[in-house]
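Numbering (our numbering), first residue to last: 120 to 357. Glycine included, C-beta positions come from ideal geometry on N, C-alpha and C. Note that the structure is predicted; figures quoted are calculated from it, not measured. Heads up: the structure comes next, in structure tokens.
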Ligand code: FPP
């Protein structure tokens with residue numbers, strides 16, 4: 120990457136909202152699922168590039184808790200694509216990429232759950248890069264779930280309400296052990312978080328672009344990182 124500011128720190132954890140697949144297909148007079156198919160190719164390309172650039176953690180928003188409201192055939196098409204890509208993830212295993220899936224997996228098919236568990240188990244000791252995929256994920260759902268787990272521990276007498284602090288809550292999130300997200304990239308012109316990593320993004324920088332996700336290139340990814348490096352990050356201080 121042509122890098123004028125090699126001294127500025129890279130974002131450790133990047134989040135990506137893969138948006139604009141539907142509009143990409145519509146512009147071409149194609150069914151929406153074709154946009155997701157192209158979006159999945161972009162996903163694979165950006166994962167590889169992130170690894171080449173030395174990104175340590177990258178999270179992709181593949182399916183939100185709200186996405187079930189889409190027409191059934193579109194939901195099925197996304198699930199099918201996901202299933203197919205999980206088979207292809209053996210390539211990532213060969214490249215020693217650690218994989219983790221966040222979200223409420225109980226709503227997903229047995230086949231998907233088995234394949235996700237296999238990828239997580241086989242890659243758990245790799246540390247070159249951690250690829251996190253959010254499926255049936257919602258930030259509010261994640262925090263609610265964490266609150267429920269803590270309430271259960273209090274009820275069982277394992278902890279006292281006075282022991283509940285940020286660190287404890289964080290340890291009950293799906294992202295336990297993963298550092299907070301530093302940079303969130305959202306293509307397609309939308310400028311919102313849509314329930315993505317809402318706890319973990321408290322100090323994140325945002326990068327928005329009008330490019331639709333299937334058209335998002337390696338250069339666009341590098342541009343987002345460059346802009347991140349340019350920003351002065353103060354963490355609430357001066
Ligand atoms: C948002 O675009 C995209 C999704 C809801 C699905 C993303 C899924 C994939 C890229 C494929 C499967 C994932 C993996 C990891 C292989 P949109 O449909 O909301 O686009 P629009 O805003 O233009 O309608």
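Does residue i come out as helix, strand or coil in the three-state DSSP assignment?
i           : result
residue 204 : helix
residue 139 : coil
residue 309 : coil
residue 197 : helix
residue 178 : strand
residue 268 : helix
residue 331 : coil
Decide if residue i is buried, meaning its Cβ has at least 16 other Cβ atoms within 10 Å, or exposed.
i           : result
residue 293 : buried
residue 138 : buried
residue 219 : buried
residue 305 : buried
residue 190 : exposed
residue 307 : buried
Out of the options, which one is the CA nearest neighbour of residue i?
i           : options            : result
residue 133 : 328, 298, 247, 152 : 298
residue 162 : 220, 179, 226      : 179
residue 333 : 152, 251, 129, 130 : 152
residue 341 : 160, 166, 157      : 166
residue 288 : 275, 263, 191      : 263
Using a Cβ-Cβ distance cut-off of 8 angstroms, determine whether residue i contacts chain C.
i           : result
residue 171 : You won't find chain C in this structure, because it holds only one protein chain.
State the start and end residues of the unbroken alpha helix (DSSP H) segment that holds residue i.
i           : result
residue 325 : Taken as a continuous stretch (DSSP letters only), residue 325 belongs to no alpha helix (DSSP H), being part of the beta strand (DSSP E) at 324 to 327.
residue 166 : 151 to 172
residue 347 : 337 to 349
- prompt: Residue ranges of each beta strand (DSSP E) run of no fewer than 3 residues wholly in the region 199 to 265, ordered along the chain?
  reply: 216 to 221, 248 to 256
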